[in-house]
Amino acid sequence: MEKSQENKVKSSYLQLLIRFIVSAGLMVWIVKMIDWDEAFRIMKEGSPFYFILAFLAIQITVATSIWKWKMLIQSSEKKHHSNQASLTYLGKLYYIGLFFNNFMPGSVGGDVVRIIFLGKKTGVATATTSVLFERITAGFALVGIVLISALFMDQSRPYLISLLILIALAAGLYIMFKIFMKKANVPEKNSLSQGKLSTLLAKVKEAIIGIGERAQNYRNESWRWWGMILLLSFLFQVGMAWINDLLFRSFGIHVSFLHLLVIITLISVITMIPVSLNGLGVREASYVLFFQSIGVPEGIALSVSLLFFFLVTISSLIGGLFWLMERRETSYEAIRQ
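Numbering (our numbering), first residue to last: 19 to 355.
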């Protein structure tokens, strides 16, 4: 048992090391490629007015995602009498997730933290299902944006290959989930030995079944409900493009909004892949490569990437305060009990 735990610790350290190497390697490549004197000169010339607007745009964009999350939770809890979380509480958890994204791999590490905190109020199954489908519906919006833009914009067509790979992976996961759910409803002929492994497998199975049951509630929702969910998902992606549009405008650069919409959504997906620390290096390299291909100077593309990261990080610090407040409340309740 101790050896197994030791192997897990070594594995987690190895994964962290790999992500650090990926981030460091990409940052070294960027440092060597970019004329930093020019980049800093460009950043100094940026308009503070647009920086403030971009910061406010981040909060508005986050609000659309919180609203969608609330709708998903309400639907998940229709047949399960758990304590519903208020919109204000979900807002706090969302910012806490943003805060923890600064220290966790990819841009989905904060989702785990959100699930843990929300699970205390609604149960883990509801928390997991709502966060999972918040990401999935955002993926639907991304697919729609790229497919529609490919009809009108030649530059977006090369991205279709990456998109088809993502769709194939999503379809494969969905099929595996459906097969598991069917097998879960079939009684087993041979009972497993009641060891620690079988207990763990039983808990995992129970959790997946719980997620499936709550996801079924989404299927029973009206077209109007689904329309609102997809609209909020689309507005989130539009908001991300809007933030970057404001940052480019701060340097006097105008980029087609359609280009922004496609490129920013693709960068969002790339940074979700847990191969780096909070997308560090991956995001900057993606900005330089994608925007350079449509004629944006390297220095400006990098400056916008760094400013976007800086503004999101500043916003996430609010989540750090909420986290400290949440910990204090939890400690107080534990003492009172």
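Glycine is no exception: its CB is placed at the ideal position from the N, C-alpha and C atoms.
Bear in mind that the values here come from a model prediction, so they are computed numbers and not experimental data.
Here Ser251 has Lys86, Thr155, Ala156, Phe158, Ala159 as same chain residues with Cβ atoms under 8 Å from its own Cβ, once five neighbours each way along the sequence are excluded. Taken through DSSP and simplified to helix, strand or coil, His272 comes out as coil. Around the beta carbon of Phe326, a 10 Å sphere encloses 16 or more other beta carbons of the protein chains shown; the residue is thus reported as buried. The beta carbons of Val142 and Asp129 sit about 13 Å from each other, so the pair does not count as a contact at 8 Å. Residue state for Val256 is assigned as helix, using DSSP reduced to three classes. If you compare the alpha carbons of Ile336, Ser274, Val322 with that of Ala72, the shortest gap goes to Val322. For secondary structure counted as the alpha helix (DSSP H) over 4 or more consecutive residues, the stretch 69-142 holds these complete runs in sequence order: 105-119, 127-140.
Per DSSP, Ser304 is one residue of the alpha helix (DSSP H) stretching across 300-310. Collapsing the DSSP output to three states places Glu63 in coil. Your pair Met89 and Met246 checks out as a contact, with CB atoms roughly 7 Å apart and the cut at 8 Å. By the neighbour-count definition (other C-beta atoms within 10 Å, threshold 16), Gln255 is a buried residue.
Here Lys110 is buried: its Cβ has 16 or more other Cβ atoms, across all protein chains shown, within 10 Å.
Between Ser65 and Asn120, the alpha-carbon positions lie close to 26 Å from each other. Gly270 is the residue among Ile336, Gly270, Arg346 whose C-alpha sits nearest the C-alpha of Phe69. The beta carbons of Ser93 and Asn235 sit closer together than 7 Å.
Looking at the backbone, the Cα of Tyr112 and that of Ala75 are separated by about 16 Å.
Under the 8 Å Cβ criterion, the stretch 332-343 does not count as touching the stretch 302-312, having fewer than three qualifying pairs. Residues Ala259, Asn262, Asp263 of the same chain have their beta carbon placed closer than 7 Å to that of Leu278, with the five preceding and five following residues left out of the count. Asn238 sits in coil when the DSSP states are folded into three classes, being neither helix nor strand. Residue state for Gly230 is assigned as helix, using DSSP reduced to three classes.
If you ignore the 5 residues before and after Ile285, its C-beta comes within less than 6 Å of the C-beta of Ser304, all in its own chain and listed in chain order. The beta-carbon distance between Thr289 and Val300, rounded to whole angstroms, is 6 Å. This is short enough to meet the 8 Å contact definition. For Gly313, the secondary structure class from DSSP, reduced to helix, strand or coil, is coil.
In this structure, the straight-line span from the alpha carbon of Gly127 to that of Gly115 is close to 8 Å. Its chain contains Ile133, Leu136, Gly137 as the residues whose beta carbon lies nearer than 6 Å to that of Ala145, once the 5 sequence neighbours on both sides are disregarded; these appear in chain order. Across the structure, Phe118 and Gly337 are spaced so that their CA atoms are roughly 8 Å apart.
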